[in-house]
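All remarks here apply to the structure that follows.
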Amino acid sequence: MSAKQLSVFIENRQGRLGEVLSVLKNNEVNLLSLSLADTTEYGILRLIVSYPEKGKECLTKAGFSCMLADVLVVKIPHRTGALQEILECVSDKVSVEYAYGLSTDKADACVVLKVSDIKTARDVLSQNGIETLSTDEIDKL
Amino acid sequence: MIWNKEMECASREEMRKLQSKRLVELVRYVYERVPFYRQKMENAGVRPEDIKGVDDIAKLPFTTKDDLRDNYPFGLFAVPQRDIVRIHASSGTTGKATVVGYTQNDLDVWAECVARCMTMANVGKDDIIQIAYGYGLFTGGLGAHSGAEKVGATVVPMSTGNSKKLTTMMVDFGATAIACTPSYLLHISEVLREEKLLDKIKLKSAVCGAEPWTEKMRGEIENRLGVKAYDIYGLSEVMGPGVACDCEFHAGLHVCEDHFYPEIIDAKTLTPVADGETGELVFTTLTKEGIPLIRYRTKDLTSITREKCECGRTSARISRFKGRSDDMLIIRGVNVFPSQVESALVDVEEVTPHYLMIVDRVNNLDTLEIQVEIDEKYYTDEIRGIEKITKKIAHVIQQALGISAKITLVSPFALKRSEGKAVHVIDNRKYD
């Protein structure tokens, strides 16, 4: 399974992040994970949310540049080296564009991966018995 | 010192007679040689014989920068290519440059005019002058160069871009004069201060131009460097630097009016205004052979006086410029039109045509930032994707304007859409 990531372009301006979040709040879109990549001029806010399509729609209406992208959300046990082992399975097939963590209240952790070839990555992971989650599944964690 | 007493100190009556004689010849010359002018005069119902002197000049139609663009590149030239010995070009209002051509005689006249300015600025045989305007298509470098050579100065063709080499040579050569933009000279003074060279320079004259500046900037330059700073004016369409310059009394810029006939008009009604009143400066090139201009609208706002100056010159003087009647900006000495940015952005599909130019002056150097709205369709969640778009725009802008700009991408609709005239420029530079 793959999940939808909602990303938003935000220029470096005071209060801009808050504006994005309040649009999502007013439309009852819940944040499951967040990562903010920043440059000197602008930032890219990457989100896993409860309703990605709805989130994109309401942000576009509010004048934000945003897009949905398929990402892999991988469940990993809380132990040293777990993420490294997962990446090792795929490292010769795909490259990781970026990654960030996703917290759950369960014993396992999750990591969000954007990879160069999502299908290959997913196949390799599943052959190795590693589970990837859909948006719905993440929401239920 | 006065370079050409006969012309610079002629009585008003003598000058008017000479101008009238030259105007009559010029009108006949362009009517016979340039189809564009003949057509324009026919449309206005005026024949060459209707022009008997400068009193009749208002009968002639105006020429604009758009006319030069429409006749790009050589359409307004009055001589065959074999007689053109040099080409210069400046920014046009859109993609196309404004191209001018010079005959050998034009170059000689140009050097003569600049020589008068250099003499006004107290530059002569005993001086070593660094020319720190750009050399190339821009008229500043080569224009100032030839006039400085004509007065017999030792000319150091520095061009622009290497402040450190400039300050080193200024000290090592014992340069006594410099020609550059006033903002660049202020920057140079900072470099000299940082390198603790201020007490080692021998500079006495600065010939500054190619951008608007104020009395306050002059004071600043004179205080920091211990020089006298002079204001030289010109525009490539008319000739280049040397059309006018101010003398040590700083009471307006003396126009080389035996070659360039000045008028001041009301930019709205296009009718002449009285001496002393502010309006748009219009020039007719009285002796130019390559690309003569009839009543060329400079879009520069100023006023004129024909009173005799304390320096002894009788030539008409134009006051310090009070602005422009169009939206042209001068950034780092380069003419920039917002419309150039607009037409450059049309070719970049990743952005909308909405933009905002922010001009500022940081450490005495002009900065240009252009904010552009990213088109939603091309937004990407990867930073390298966005950097690629930014680089593409920066390249297109550099190609179009000839100067670099900092590109800032903003969200769609982040830039204000105003009813009526859109705001495309914020100029934060302080001129007073």
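So the protein sequences, as listed, match chains A and B.
Taking our numbering, the leading residue of the first sequence gets 408, the next gets one more, and so forth.
Taking our numbering, the leading residue of the second sequence gets 10, the next gets one more, and so forth.
The beta carbon of each residue, even a glycine, is placed where N, CA and C say it ideally should be.
Keep in mind it's a predicted model, so treat the numbers as computed, not measured.
Residue i beta carbon near the ligand ATP (any heavy atom closer than 7 Å)
| i | result |
| --- | --- |
| Leu354/B | The ligand ATP is absent from the structure shown, which contains no ligand whatsoever. |
Whole-angstrom C-beta distance between residue j and residue i, which should lie under 8 Å
| i | j | result |
| --- | --- | --- |
| Val132/B | Ala153/B | That pair is no contact at about 10 Å. |
| Thr107/B | Ala98/B | 6 Å |
| Glu257/B | Lys237/B | 7 Å |
| Cys189/B | Ala141/B | 4 Å |
| Lys500/A | Val478/A | Going by Cβ atoms, the distance from Lys500/A to Val478/A rounds to 17 Å, so no, they are not a contact pair. |
| Ser472/A | Pro362/B | In fact, because the Cβ distance is near 16 Å, the residues do not count as touching under 8 Å. |
| Tyr305/B | Thr72/B | 5 Å |
| Thr539/A | Val480/A | 6 Å |
| Val381/B | Leu418/B | 6 Å |
| Asp240/B | Leu338/B | Their Cβ separation, rounded to whole angstroms, is 19 Å, which puts Asp240/B and Leu338/B out of contact at 8 Å. |
| Ile138/B | Ile187/B | 7 Å |
| Val291/B | Thr307/B | 7 Å |
Bridge-paired residues (DSSP) for residue i
| i | result |
| --- | --- |
| Glu298/B | Glu298/B pairs with nothing; no bridge assigned. |
| His97/B | Val109/B |
| Gln139/B | Val165/B, Ile187/B |
| Cys517/A | Lys482/A, Leu509/A |
| Leu540/A | Val480/A |
| Thr361/B | None, per the DSSP bridge assignment. |
| Asp79/B | Bridge partners of Asp79/B: none, in fact. |
| Glu382/B | Val419/B |
| Gln412/A | Ala476/A |
| Leu290/B | Ile273/B |
| Val371/B | Leu374/B |
| Ile197/B | Answer is none; Ile197/B lacks a bridge partner. |
| Asp436/B | Val368/B |
| Pro281/B | Ile274/B |
| Val503/A | Val522/A |
Separation of residue j from residue i, as counted between CA atoms
| i | j | result |
| --- | --- | --- |
| Pro459/A | Asn434/A | 11 Å |
| Ile417/A | Asp384/B | 13 Å |
| Asp181/B | Lys415/B | 36 Å |
| Asn373/B | Ser352/B | 29 Å |
| Met10/B | His268/B | 20 Å |
| Asp512/A | Ser429/A | 25 Å |
| Arg393/B | Lys74/B | 41 Å |
| Ser414/A | Asp390/B | 6 Å |
| Leu175/B | Leu424/A | 47 Å |
| Lys331/B | Thr311/B | 6 Å |
| Lys526/A | Ala410/A | 12 Å |
| Thr542/A | Val436/A | 13 Å |
| Ile210/B | Asp275/B | 45 Å |
| Leu443/A | Ile451/A | 6 Å |
| Glu426/A | Leu354/B | 29 Å |
| Arg125/B | Asp76/B | 30 Å |
| Lys30/B | Ser168/B | 39 Å |
| Leu509/A | Gln534/A | 23 Å |
| Pro250/B | Ser20/B | 25 Å |
| Met248/B | Val371/B | 31 Å |
| Arg322/B | Glu51/B | 39 Å |
| Arg56/B | Thr294/B | 19 Å |
| Cys254/B | Cys122/B | 9 Å |
| Val165/B | Asn80/B | 36 Å |
| Lys68/B | Asp135/B | 47 Å |
| Thr406/B | Val432/B | Inspection of the sequence shows that residue 406/B is occupied by Ile rather than by Thr. Rounded to whole angstroms, Ile406/B to Val432/B spans 19 Å at the Cα level. |
| Ile412/B | Ile327/B | 30 Å |
| Glu545/A | Leu424/B | It is Ile, not Glu, that sits at residue 545/A in the sequence shown. Approximately 37 Å between the Cα atoms of the pair. |
| Pro271/B | Leu302/B | 12 Å |
| Gln408/B | Leu85/B | 25 Å |
| Leu27/B | Val360/B | 56 Å |
Query raised in the report: What residues in the stretch 434–452 of chain A have a beta carbon less than 8 Å from any beta carbon of chain B?
Result: Ala444, Thr446, Glu448, Tyr449, Ile451
Report task. Jot down the residue ranges of each uninterrupted beta strand (DSSP E) in the stretch 415–473 of chain A, minimum 3 residues, whole runs only, in chain order. Result -> 438–445, 449–456
Query raised in the report: Curious, which full-length alpha helix (DSSP H) runs of at least 4 residues does the stretch 302–357 of chain B contain?
Result: 347–354
Requested in this report: For the stretch 202–273 of chain B, list the beta strand (DSSP E) runs that are entirely contained and at least 3 residues long, ordered along the chain.
Outcome: 214–218, 237–244, 249–255, 262–264
Query - Where the stretch 416–427 of chain B meets chain A: residues whose CB sits under 7 Å from a CB there - result: Thr417, Leu418, Val419, Ser420, Pro421, Phe422, Ala423
Query raised in the report: Along the stretch 458–474 of chain A, what residues have a CB closer than 8 Å to any CB found in chain B?
Result: Thr467, Gly470, Phe471, Ser472, Cys473, Met474
Query - Unbroken stretches of the alpha helix (DSSP H), 4 residues or longer, contained in the stretch 31–77 of chain B - result: Runs of the alpha helix (DSSP H) inside the stretch 31–77 of chain B: 44–52.
Query - Cβ-based contacts, 9 Å cut-off: residues of the stretch 477–506 of chain A near chain B - result: Glu504, Tyr505
Query - the stretch 358–380 of chain B: positions lying closer than 7 Å to chain A by Cβ - result: none
Requested in this report: Using a Cβ-Cβ cut-off of less than 7 Å, give me the residues of the stretch 218–239 of chain B that come near chain A, in sequence order.
Outcome: none
Requested in this report: Could you run through the stretch 410–430 of chain A and flag, in chain order, every residue whose CB is less than 8 Å away from some CB of chain B?
Outcome: Gln412, Ser414, Phe416, Ile417, Glu418
Report task. Below 9 Å between beta carbons is the criterion; list the residues of the stretch 298–312 of chain B that meet it against any residue of chain A, in chain order. Result -> Result list empty, no residue passes.
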